[in-house]
Amino acid sequence: MTNHPKIVLITGAAVRIGKWIAESMASDGWSVALHCNTNYKAAENLAEKIRGQGGIAEVFRANLACEDDVEKLIPQVVQSMAPISCLINNASTFEYDSSESATRSSWDLHMEVNLRAPFVLSQNFSKISNRTTQGIIINILDQRVWNITPHYMTYTISKYGLWALTQSLALDLAPHIRVNAIGPGPVLPNQRQTNYDFNKQWENTPLKRQISSEEITNTVKYILNTPSLTGQMLAIDSGQHLGWSMPATSELVE
Numbered sequence: 053m054t055n056h057p058k059i060v061l062i063t064g065a066a067v068r069i070g071k072w073i074a075e076s077m078a079s080d081g082w083s084v085a086l087h088c089n090t091n092y093k094a095a096e097n098l099a100e101k102i103r104g105q106g107g108i109a110e111v112f113r114a115n116l117a118c119e120d121d122v123e124k125l126i127p128q129v130v131q132s133m134a135p136i137s138c139l140i141n142n143a144s145t146f147e148y149d150s151s152e153s154a155t156r157s158s159w160d161l162h163m164e165v166n167l168r169a170p171f172v173l174s175q176n177f178s179k180i181s182n183r184t185t186q187g188i189i190i191n192i193l194d195q196r197v198w199n200i201t202p203h204y205m206t207y208t209i210s211k212y213g214l215w216a217l218t219q220s221l222a223l224d225l226a227p228h229i230r231v232n233a234i235g236p237g238p239v240l241p242n243q244r245q246t247n248y249d250f251n252k253q254w255e256n257t258p259l260k261r262q263i264s265s266e267e268i269t270n271t272v273k274y275i276l277n278t279p280s281l282t283g284q285m286l287a288i289d290s291g292q293h294l295g296w297s298m299p300a301t302s303e304l305v306e
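See the structure below:
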């Protein structure tokens, strides 16, 4: 990262994994553009915390299901801060549907937020990228792109598409921009899970351990500091993508 402008845009930065990454990168000297949509107050609180620790952080609100909002996001960051040198596509919609229950609405919601928005943001990042230094894109995927199941049908398809986009952009944007991904496993319970459900989920992975925040943020640091790495997904999932300990027919709540 020598001589690299340290300004990062993180989508979905107000809570959960996005918040962890934002705090970690701010502590490493990055200026952080915190994207949010509905979690505006949480994003403002995080920005205040980072600034209180001597860092630089600003909040940018955008609905990633709205094309106009997505198109305006990077120009707004550039105008308010400076051209970014790292883009982390972390924001995600995760709603249940199946091949029978999926609708045009559920399809569009997952595709717009989880695939279309990262694509447009990556396009716009490439347009403003400084060709004398190496830009970085990190897409937050899901271990299930290596462990396909019929559950959460359109969500899974959108994440699989983002994995394909990661590899395609890694080729297309090289050598000026590196593109990699992280595929988390059981990190935090979601809104549908009880603590029992979540504990059973990580207990059924081969390594039988919950993924910690430090493992995610350390993986981000590894990607940032490995200039020969591109087109890769690092599955931080206690082996969940291997599938045999938690088969697709599992009745556990995801």
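In our numbering, the protein residues as written are 53 to 306. Virtual Cβ for every residue (Gly too), placed ideally from N, Cα, C.
Can you list, in chain order, the residues of its chain whose CB lies under 6 Å from that of residue 144, leaving out five sequence neighbours each side?
Along the sequence shown, one-based indexing puts residue 144 at 92. Scanning its chain for C-beta atoms nearer than 6 Å, with the 5 sequence neighbours on each side dropped, one finds around residue 144 the residues 166, in chain order.
Tell me which residue opens and which closes the alpha helix (DSSP H) that residue 203 is part of.
Indexing the sequence shown from 1 puts residue 203 at position 151. Per DSSP, residue 203 belongs to no alpha helix (DSSP H) and is neither H nor E.
Considering only the alpha carbon of each residue, which of 65, 86, 276 lies closest to residue 186?
Mapped onto the sequence shown, residue 186 falls at position 134. Closest option to residue 186, Cα to Cα, is 276.
Are residue 213 and residue 287 closer than 7 Å when you measure CB to CB?
Numbered from 1 along the sequence shown, position 161 holds the residue referred to as residue 213. Numbered from 1 along the sequence shown, position 235 holds the residue referred to as residue 287. No, Cβ-Cβ distance for residue 213 and residue 287 is not below 7 Å.
Select from 106, 152, 101, 62 the residue whose C-alpha is nearest the C-alpha of residue 116.
For the purposes of this step, residue 116 is identified with residue 64 of the sequence shown, where counting begins at 1. Ranking the options by Cα distance to residue 116, first place goes to 62.
Quick check on this structure: which residue in 239, 228, 171, 231 has the alpha carbon closest to the alpha carbon of residue 194?
By one-based count along the sequence shown, residue 194 stands at place 142. Ranking 239, 228, 171, 231 by Cα distance to residue 194 puts 239 first.
Cut-off 6 Å between Cβ atoms - residues of its own chain near residue 292, not counting five sequence neighbours on either side
The residue given as residue 292 occupies position 240 in the sequence shown. 195, 237, 257.
Does any residue of chain B have a CB that is nearer than 7 Å to the CB of residue 83?
Here chain B cannot be found, since the structure has a single protein chain.
Roughly how many angstroms lie between the CA atoms of residue 220 and residue 58, to the nearest whole one?
By 1-based counting over the sequence shown, the position of residue 220 is 168. By 1-based counting over the sequence shown, the position of residue 58 is 6. Approximately 25 Å, taken between the alpha carbons.
Indicate, with yes or no, if the ligand FAD has a heavy atom lying under 6 Å from the CB of residue 121.
Because no ligand of any kind appears in the structure shown, any question about the ligand FAD cannot be addressed here.
For residue 282 and residue 191, what's the separation of their Cα atoms in angstroms?
Numbered from its first residue, the sequence shown carries residue 282 at position 230. Numbered from its first residue, the sequence shown carries residue 191 at position 139. For residue 282 and residue 191, the distance between alpha carbons rounds to 12 Å.
Apart from the five residues on each side of it in sequence, which residues of its chain come closer than 8 Å, Cβ to Cβ, to residue 259?
In the sequence shown, the residue the question calls residue 259 occupies position 207. Within the same chain, 290, 291 come within 8 Å of residue 259 by CB-CB distance, once the 5 residues on both sides are set aside.
State whether the region 149-167 contacts the region 197-212, with contact taken as three or more CB pairs (one from each stretch) at a distance under 8 Å.
yes
Could you give the C-beta distance for residue 65 and residue 142, rounded to a whole number, given that I count them as a contact under 8 Å?
Taking the first residue of the sequence shown as 1, we reach residue 65 at position 13. Taking the first residue of the sequence shown as 1, we reach residue 142 at position 90. So it is a contact: roughly 7 Å between Cβ atoms.
At what residues does the beta strand (DSSP E) containing residue 357 begin and finish?
Outside the shown range of the chain, which is 53 to 306, sits residue 357, and nothing can be said about it.
For residue 243, count the other beta carbons within 10 Å of its own beta carbon; 16 or more makes it buried, fewer makes it exposed. Which is it?
The residue given as residue 243 occupies position 191 in the sequence shown. So residue 243 ends up on the exposed side.
In the DSSP assignment, the alpha helix (DSSP H) including residue 103 goes from what residue to what residue?
Counted from its first residue, the sequence shown places residue 103 at position 51. It spans 92-104 - the alpha helix (DSSP H) in which residue 103 sits, taken as one unbroken run.
Beta-carbon proximity check, residue 189 vs residue 122, cutoff 7 Å:
Here the question's residue 189 lines up with position 137 in the sequence shown. Here the question's residue 122 lines up with position 70 in the sequence shown. No, the Cβ-Cβ distance between residue 189 and residue 122 is not below 7 Å.
Which same chain residues end up closer than 6 Å to residue 149 when comparing Cβ atoms and leaving out the 5 residues on each side of it in sequence?
Here the question's residue 149 lines up with position 97 in the sequence shown. If you ignore the 5 residues before and after residue 149, its C-beta comes within less than 6 Å of the C-beta of 158, 205, 206, all in its own chain and listed in chain order.
DSSP three-state label for residue 59, please.
Translated into the one-based positions of the sequence shown, residue 59 becomes position 7. Note: residue 59 maps to strand in three-state DSSP.
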